[in-house]
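Asker: Residue numbers (the working numbering): 1206 to 1868.
Please read through the structure below; I'll follow up with questions.
Printed below as a string of C-alpha cells:
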C-alpha cells in the first residue's frame, strides 16, 4: 500500500507540467530571451526606425521545444518567462523585406511588420512562431527631446544654487575673521564652512550622551552599501541581459539568498529613525516642555528638512536625466522613469507615493522615505501623547500588537507571500505586479511594528542612561551582543525556505513568518544599537565608531537618490544585452559607491547644508541662540530629532532615512 502511494505521488509530480531545471546544453537550445540590433548603425539611415517590444512564442503544430519552454516557464519562482521574447529591432534594416508599401508611420502597419519579421526569424532558427505582444517604444532618426518649461526651471535652479554658493563663499572670505558676525543667510552658502561641517568630528561636547550616537553614521553608511549592492543586481536584471541563466541558477547558491532575502536590512532604517526620534526628544524634554505644539512643528520641520533636496533630485530625474544619453536601452532605463516621475511628482512631494500602485518605476526606492515619514507622524504623536513611562508602555504595546495583526491580516486575506519573493520576472518588471511588495512591504501601516520597536529602544536606552549604571553592570550581555550579527544573518537565511521547489509552505507558516520575521531581525538590530551605546562590548563598537564613517553617514540621504540615477544611466547606455556576472556586479557596486558618495558630498555642501543652515537661522534667530559650534548644538525640534543626530540629515535616510530598494 505504501509503495502505491509513493508511486502515485511520483506520478503526480511528473505530470505537474513544471520543469524545475534543465542542463545547460538544453538551455542553449532556447531562443535568446533578449536581443538588440545594432542601434548606432541603424540610426545612420535617414529614415531609421528602431523599436523595442515584447513577442509571444507559440506553435500551431506539435513542438517539443515549445512544450519545454512552457513547462520551464511555469516555474515562475526561479525562471524567467521564456515564452515571451524581448527584442530591440532595427525595422528599416532587419525587417526591410516586410516593408513593401506599408507605412512605418502607421501603428497598425508597424505592428504587422514587426510580427511578421520576428516570426520569420524565430521560425527559421527554432521552428516556432512569434507574434507581437506590445511595442514599448520606437526611436526614429532625427527624434529629439524638446526642451520644456520644467526642464528650464530645474536647470535654472541649479544655476541659482551655483551662483549662491559662489556669492556665499566670496562673502565668507571677507568676514571670516569677524567672529560671530555676518549675514547668516549668505554664510549658509559658504563652501568653506560647509566643507568643515562635512568633515567635522561627530563629537557633541555639551552632552556626552549625544556623542554615543556616532555609531549611526556607520550603520547608515554600511547599510547604504548593502542597498547599493541589492539595487545593482536589480538594475541589471531590469535591463536586457545576455545570460539570464545566471539569474536563474543563482537560486541554487545558498550565499545568494543573503541577497534575495536582504530586504530585511532596509528595515533597519526604520529602527534607526524611530530610535533617534524617541531618544533625542527625551533629551530635548529635559529643558523644554513637551506640548501638543511640538507635533505640527516637528512635522513641518521634517518636511522642510527633507523636501527641498528630495524635490530637486526628483525633478532632475523627471527632466535633465533624459538629455544625458541615448541608446536602445535609454528609454527603458531612464526616459520611462522620467515620464512617470512627471506624472506622480505630487505623490512624492506629499510622501504618499508608496500607496500609488502605478508609481513603481519612478524612483522606486523612495517608498521608504514615504513610509518613514508616515510612521514619523505616528511616532511623534506617540511621543507627545504618552509622556509617562507607564503610558508609553501601554501605547507602544498596543501599537505593536495592532501592527502585527495588520500584517497577518493582509497576508492571510489577500493571499500574499511571507516575504517579497525575488523572482526573475519580479526583477524584470521592477515589482510592478508583486502584490506583497505593493501591499505590505512598501506601506507605512504595515511597517509600524519595526518603527514601534525603534521607539521602544530609544525610550529604553534613555532610561538606562539616566540610571547611571556602570558599564560593568552590562558586561554579562557582551556575548549576546556579539551574537547579534551572526543571528541576523541566520534570520535572513531562513527566507530561503520559501524558495524550495514544489514545496509551498502551509498558510499558517506563511502568515506567522510574515508577521514576525521583521520583528525578530529588528530586535537583534535594536539590541546591537543599545549595546554599542552603553559600551557593552568593544569589537563591534570600535568598527562602527570609526570617524571615517562620519561624512558618509551625513551624505547617505542624498546618496540614497543618486545611486539609482547612476546605475540606470550606466545600464541605459549599453547597446548590447549586458553580461551579468559576479565580477560585473562587483564593478558596478564599486562604481556606485564611489560616484554616489562623491556626488552626494558635493550636493550636501552646495544644497543640503545651506538649506539646514537657513532653516536654523529662521527658526532660531541669532540673538536667541547661545554661541556654540555645530558639533555642540543641543538637540531641538529645529534639528529634527526625527531621525538623526543634529549634525546629520534626518534619519538617513532612514531609507536610508531616510533610506530603498530594495527595492
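Glycine included, each C-beta is placed from N, C-alpha and C at the ideal position.
#1: Give the straight-line distance between the Cα atoms of residue 1378 and residue 1363, rounded to the nearest whole angstrom.
#2: The alpha helix (DSSP H) that contains residue 1520, what's its start and end?
#3: For residue 1344, does the count of other Cβ atoms within 10 angstroms reach 16, so buried, or fall short, so exposed?
#4: Suppose contacts are defined by Cβ-Cβ distances below 8 angstroms. Is residue 1399 in contact with residue 1810 by that definition?
#5: Evaluate contact between the region 1624-1631 and the region 1274-1287, counting only Cβ atoms and requiring at least three cross-stretch pairs below 8 angstroms.
#6: Could you check whether residue 1739 and residue 1784 sit closer than 8 angstroms to each other, using their CB atoms as the reference points?
#7: By the DSSP assignment, the alpha helix (DSSP H) with residue 1670 in it spans what residues?
#8: Give the secondary structure of residue 1469 by DSSP, where H, G and I count as helix, E and B as strand, and everything else as coil.
#9: Please confirm if the region 1632-1646 is in contact with the region 1721-1734, defined as three or more CB-CB distances below 8 angstroms between the two stretches.
#10: Taking the alpha-carbon of residue 1293 as reference, which of 1818, 1780, 1652, 1697 has the nearest alpha-carbon?
#11: If you draw a straight line from the alpha carbon of residue 1333 to that of residue 1223, how long is it in whole angstroms?
#12: Identify every residue that forms a DSSP beta bridge with residue 1345.
#13: In whole angstroms, what separates the C-alpha of residue 1478 from that of residue 1323?
#14: Give me the Cα-Cα distance between residue 1254 and residue 1504, rounded to the nearest whole angstrom.
#15: Would you decide whether residue 1551 is buried or exposed? Buried here means 16 or more other CB atoms lie within 10 Å of its CB.
#16: Classify residue 1472: buried if its beta carbon has 16 or more other beta carbons within 10 angstroms, exposed otherwise.
#17: Can you tell me where the beta strand (DSSP E) with residue 1445 in it begins and where it stops?
#18: Helix, strand or coil: how does DSSP classify residue 1845 here?
#19: Helix, strand or coil for residue 1340 per DSSP?
#20: Buried or exposed: where does residue 1654 fall if 16 or more other Cβ atoms within 10 Å of its Cβ makes it buried?
#21: In terms of DSSP beta bridges, what is residue 1293 paired with?
#22: Flag this pair as yes or no: are the beta carbons of residue 1462 and residue 1226 separated by less than 8 angstroms?
#23: Identify whether residue 1784 lies in helix, strand or coil by the three-state DSSP scheme.
#24: Quick one: using the 10 Å Cβ neighbour count with 16 as the cut-off for buried, is residue 1538 buried or exposed?
#25: State the beta-bridge partners of residue 1556 as determined by DSSP.
#26: Okay, do the region 1739-1751 and the region 1704-1720 touch, 3+ Cβ pairs below 8 angstroms being the bar?
#27: Return the first residue and the last residue of the alpha helix (DSSP H) that residue 1402 is part of.
#28: Looking at the structure shown, is residue 1334 part of a helix, part of a strand, or coil, going by DSSP?
#29: Beta-carbon within less than 6 angstroms of residue 1661's beta-carbon, same chain only, minus the 5 sequence neighbours each way: which residues are those?
#30: Cα-Cα, which of 1557, 1447, 1265, 1412 is closest to residue 1240?
#31: Can you give the Cα-Cα distance for residue 1499 and residue 1480, rounded to whole angstroms?
#32: Could you tell me the alpha carbon to alpha carbon distance between residue 1355 and residue 1543, rounded to whole angstroms?
#33: Check this for me: beta carbons of residue 1390 and residue 1819, under 8 angstroms apart or not?
#34: Out of curiosity, what's the CA-to-CA distance linking residue 1509 and residue 1516?
#35: Would DSSP call residue 1621 helix, strand or coil?
#36: How about residue 1342 and residue 1548: do their beta carbons lie closer than 8 angstroms?
Answerer: In short:
#1: Going by the C-alpha atoms only, they are around 23 angstroms apart.
#2: Segment 1499-1523, the alpha helix (DSSP H) holding residue 1520.
#3: By the neighbour-count definition (other C-beta atoms within 10 Å, threshold 16), residue 1344 is a buried residue.
#4: Yes, Cβ-Cβ distance for residue 1399 and residue 1810 is below 8 angstroms.
#5: Flag = yes, the region 1624-1631 and the region 1274-1287 touch.
#6: The beta carbons of residue 1784 and residue 1739 sit no closer together than 8 angstroms.
#7: Its alpha helix (DSSP H) spans residues 1653-1671.
#8: In the three-state DSSP reduction, residue 1469 falls in the helix class (H, G or I).
#9: At 8 angstroms Cβ cutoff, the stretches do not touch.
#10: If you compare the alpha carbons of 1818, 1780, 1652, 1697 with that of residue 1293, the shortest gap goes to 1780.
#11: The alpha-carbon atoms of residue 1333 and residue 1223 are separated by roughly 20 angstroms.
#12: Looking at the DSSP output, residue 1345 bridges to 1254.
#13: Rounded to whole angstroms, residue 1478 and residue 1323 show a C-alpha spacing of 52 angstroms.
#14: The straight-line gap from Cα to Cα measures roughly 51 angstroms.
#15: Residue 1551 is exposed by the Cβ-count criterion.
#16: Buried: at least 16 other Cβ atoms inside 10 Å.
#17: Counting along the chain, residue 1445 falls outside any beta strand (DSSP E), and DSSP gives it neither H nor E.
#18: Model confidence at residue 1845 stands at a pLDDT of 33, short of 50, so the residue's coordinates are unreliable and nothing is read from them.
#19: The answer is strand: DSSP assigns residue 1340 an E or B state.
#20: It counts as buried.
#21: Residue 1293 pairs with 1241, 1257.
#22: Judged by their CB atoms, residue 1462 and residue 1226 are not nearer to each other than the 8 angstroms cut-off.
#23: Residue 1784 falls in the coil class under three-state DSSP.
#24: Here residue 1538 is buried: its Cβ has 16 or more other Cβ atoms, across all protein chains shown, within 10 Å.
#25: Per the DSSP secondary-structure output, residue 1556 pairs with nothing in a beta bridge.
#26: Verdict: no, contact absent.
#27: Segment 1396-1404, the alpha helix (DSSP H) holding residue 1402.
#28: Reduced to three states, the DSSP call for residue 1334 is strand.
#29: Once the five neighbours on either side are set aside, the close Cβ partners of residue 1661 are 1601.
#30: Of the listed residues, the one whose Cα sits closest to residue 1240 is 1447.
#31: About 18 angstroms.
#32: Looking at the two C-alpha atoms, the distance is approximately 12 angstroms.
#33: Taking C-beta atoms as the reference points, residue 1390 and residue 1819 count as a pair closer than 8 angstroms.
#34: Those two C-alpha atoms are separated by around 11 angstroms.
#35: Note: residue 1621 maps to coil in three-state DSSP.
#36: The Cβ-Cβ distance between residue 1342 and residue 1548 does not fall below 8 angstroms.
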